[in-house]
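What follows is a short report on a single structure.
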Amino acid sequence: MTSLKKLQILLMFTAILLLLHIAPEQASAAANVSAKIKEGLKQVQTLLTGLVVTVGICVSIWIIIKKLPGVDDPHTKNEMFRGVGMALAGVGLAAAIVWLVPWMYALFA
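In terms of mature numbering (1 follows the signal peptide of the UniProt record, and there is no 0), the sequence shown is residues -29 to -1, 1 to 80.
See the structure below:
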């Protein structure tokens, strides 16, 4: 056999071994993509929760600043605490929705 024929056989054998070695790694890479997507969605959920909390804090502070000059009046004080309570309830509801909607989707999908 000439050296060129030996080289062709050796290269073919090496290519087959390489493909047999890479194929299982590519199959497991698909599972890694799914895990990476889930991790990315959790980061998006965390970002949305942080955004909801930040907006809730800003709204609560705005309500307090708006009602603070008339805090001596019991009616104004009641409106202030009711407004802050509603803002906190809205934050709780929005934060729960951010986490419950994907969970419900995964539950029925």
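Glycine is no exception: its CB is placed at the ideal position from the N, C-alpha and C atoms.
Tell me the DSSP secondary structure of A6 in three-state form.
The answer is helix: DSSP assigns A6 an H, G or I state.
With a cut-off of 8 Å on the beta carbons, I'd call T20 and V69 a contact; round off their distance for me.
About 5 Å separates the two Cβ atoms, so the contact holds.
Pick out whichever of P40, K13, R53 has its Cα sitting closest to the Cα of S31.
When each option's Cα is compared against that of S31, the closest is R53.
Please check the pair M51 and V62, which I expect to be a contact at CB under 8 Å, by giving their CB distance rounded to whole angstroms.
With 8 Å as the limit, M51 and V62 do not qualify as a contact, their Cβ atoms being about 17 Å apart.
What do you reckon, are the CB atoms on I36 and A58 nearer than 8 Å?
No, they are not a contact pair.
With P73 and L12 assumed to form a contact (beta carbons below 8 Å), what rounded beta-carbon distance in angstroms separates them?
Indeed, because the Cβ distance is near 7 Å, the residues count as touching under 8 Å.
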